[in-house]
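Single-structure report; data block below.
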Amino acid sequence: MPTPIPTEGIFAVYKERGMTSHDVVDAVRRATGQKRVGHAGTLDPLAKGILIVGVGRPATRQLGQLAEKEKEYVTRIRLGFRSTTDDGEGQKEEVPVTAIPTEGDVRTALERFVGVISQRPPAFSALKLQGRPAYRLARKDTSLQLAAREVLVKAIELLAYEWPLADVRMVTGPGVYVRAIARDLGEALGTAGYVEELERTRVGSYTADQAVHTSELRRLRPLPPTP
């Protein structure tokens, strides 16, 4: 007899590319029969990876704290092009370079993004502006720019580089937009850049290996308490 799906607790679900974070919440609602379901830390539709989901009142009350946990990402950045959304879903415009950046150039440029940095969030984001999500305003005003804010990037590592693609791993505090780092890295190299692929591999002590895919939610089991 199959083990019943728990109806309360903190769970790790693997969000596939193309799904919204709300799609994952809806899938967990259907699987558990619970209406009170939420998530900690939105993933863009283009992104994949671990999404922490809370089911039931006690669990959803913990989501705010979990959203503040350290996060790890692996991203592929395409240089030489600007995107209206800072990822592969926006309209693209080529930004030619006078000289192709070397691997050393990229490593040096990445170093400036480590520590407490001033970051301007992408206009196409869920941040509230005038009481409305910024992405709704950005659809009507393509020149919209959000105010910069301080965020913490704990570590950045260049995994591979062959122009125009750079594979980067980063460890961040809350509120960091990987898309903004891709955009600003391109500018630092005298061109432009956007996120082509993105995976969140860790939230706090929870890793993507612990996450259950939405097609296998019958395997959901509560996560152990985080340190």
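Adding 246 to a residue's 1-based position in the sequence shown gives its number in this note's numbering. We put the beta carbon where it would ideally sit given N, CA and C, even for glycine.
Note down the Cα distance separating Glu254 from Val299, rounded to an integer number of angstroms.
-> Their backbone Cα atoms lie some 10 Å apart in a straight line.
Assigned secondary structure, Gly255 (DSSP; H/G/I helix, E/B strand, else coil) = strand
Looking only at C-alpha atoms, which of Ile256, Val283, Val270 and Leu297 sits nearest to Ala454?
-> Leu297
With a floor of 4 residues, list each alpha helix (DSSP H) that falls wholly inside the segment 396-450, ordered by position along the chain.
-> Counting only runs of 4+ residues, the alpha helix (DSSP H) found wholly inside the segment 396-450 occupies 424-434, in chain order.
What does Lys315 pair with, by DSSP beta-bridge criteria?
-> Note: Lys315 sits in no beta bridge, so no partner.
State yes or no: is the C-beta of Met416 within less than 9 Å of the C-beta of Glu403?
-> Cβ atoms of Met416 and Glu403: closer than 9 Å.
Buried or exposed (CB count within 10 angstroms, at least 16 for buried), Ile323 = buried
Any chance you could list the beta strand (DSSP E) runs of at least 3 consecutive residues sitting entirely within the segment 317-353, in chain order?
-> 317-325, 327-329 and 338-340
By the 10 Å Cβ neighbour count, where 16 or more other Cβ atoms means buried, how is Met247 classified, buried or exposed?
-> Low confidence applies to Met247: its pLDDT is 46, below 50, so where it sits in the model is not reliable, and the reading given next is rough at best. Classification for Met247: exposed.
Are Arg425 and Ala394 touching if we call contact CB-CB under 9 Å?
-> no
Kindly indicate which three-state DSSP category Gln391 falls into: helix, strand or coil?
-> When secondary structure is reduced to three states using DSSP, Gln391 falls in the coil class, being assigned neither helix nor strand.
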